[in-house]
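Just add 168 to the spot in the sequence shown (first one is 1) and you have the working numbering.
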Amino acid sequence: MENESRRGFMGKAFGAVSGVGAVASLYAMKRSWDPLPSVAAAGFTTVDLASAEPNALVVEKWRGKPIFILKKTPEMVAAQTEEATARDVIVGGENFLIAIGLCTHLGCIPSYRKDSSDFLCACHGGKFDSSGIDTQLPPPSPLVIPPFKIDGTTVVLGEEGPEYAKMKESGLIA
Ligand code: FES
């Protein structure tokens, strides 16, 4: 009888201790699942494109990656293919290229050539047009369009807005 009650007490005590332990470890796990506030805040980059100059490349940073933002001139838009226009992000009635500025070959940062309105990757000579479409090997695919959301004249990088979802649906984004 005495043994039984001791066992009962030990059982309860152990249960209580392991209960506290379980709650503590769940809390620790939850904390490690949640992103740190600074990471969550750094996950988005907001860029106001109201004063963007046509044919002048702007390079922003999002999650440690360079993001190319290029406002196109009406001539550039008129000269481009339908495929290229489908990749344009329209902000405030203007056509923009928004793409991760890393070559899809081996990840170098291509440079923008204003005169020819294209990108040249100096590493192995790859080229992309002003819509980020690969036009000369070795890059195997166009520059990647990052998740974005349009909010008036601003673009929020890292958030998936309806325009981005549409591009995804149409197969423009892998
Ligand atoms: S990394 Fe750009 S062409 Fe090779």
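Yeah, the Cβ is synthetic: ideal placement off N, Cα and C, and Gly gets one too.
{"query": "Determine the closest residue to S298 out of Y332, R255 and V324, with distance taken between C-alpha atoms.", "result": "R255"}
{"query": "Which stretch, first to last residue, makes up the alpha helix (DSSP H) that contains P306?", "result": "Note, P306: premise wrong, no alpha helix (DSSP H); not H, not E."}
{"query": "Whether or not the segment 286 to 296 and the segment 245 to 264 are in contact is what I'm after, with contact meaning three or more pairs of Cβ atoms, one per stretch, closer than 8 Å; do they touch?", "result": "no"}
{"query": "So F316 and G269 are in contact, right, with Cβ under 8 Å, and what is the actual spacing, rounded?", "result": "That belief does not hold up - the Cβ atoms of F316 and G269 are roughly 14 Å apart, past 8 Å."}
{"query": "When you compare the CB positions of V226 and T272, do they come within less than 8 Å of one another, or not?", "result": "no"}
{"query": "Return the CA-CA distance between A309 and E337, expressed in angstroms with no decimal places.", "result": "Rather than Ala, the amino acid found at residue 309 in this sequence is Ser. S309 and E337: Cα-Cα distance of roughly 18 Å."}
{"query": "Considering only C-alpha positions, which residue in the set V215, T213, P306 and K282 is nearest to L274?", "result": "P306"}
{"query": "By DSSP's criteria, F212 is part of a beta bridge. Which residues make up the other side?", "result": "The partner list for F212 (beta bridge, DSSP) is empty, contrary to what the question assumes."}
{"query": "If P234 and I301 are in contact, beta carbons under 8 Å, what's the gap, nearest whole angstrom?", "result": "Their Cβ separation, rounded to whole angstroms, is 18 Å, which puts P234 and I301 out of contact at 8 Å."}
{"query": "Within 10 Å of its beta-carbon, does K240 have 16 or more other beta-carbons around it, so buried, or fewer, so exposed?", "result": "buried"}
{"query": "Given that a residue counts as buried once 16 or more other Cβ atoms are within 10 Å of its Cβ, and exposed if not, what is A267?", "result": "buried"}
{"query": "Can you tell me whether A246 is buried or exposed? The criterion is at least 16 other CB atoms within 10 Å of its CB, across all chains shown.", "result": "exposed"}
{"query": "Closer than 7 Å by C-beta to L194: which residues in its own chain qualify, once you throw out the five before and the five after it? Chain order, please.", "result": "Note on L194: pLDDT 45, under 50, position unreliable in the model; no value is reported."}
{"query": "Write down the C-beta distance between E228 and L325 rounded to the nearest angstrom, noting that I regard them as a contact closer than 8 Å.", "result": "7 Å"}
{"query": "Buried or exposed: A333, going by 16 or more other Cβ atoms within 10 Å of its Cβ?", "result": "exposed"}
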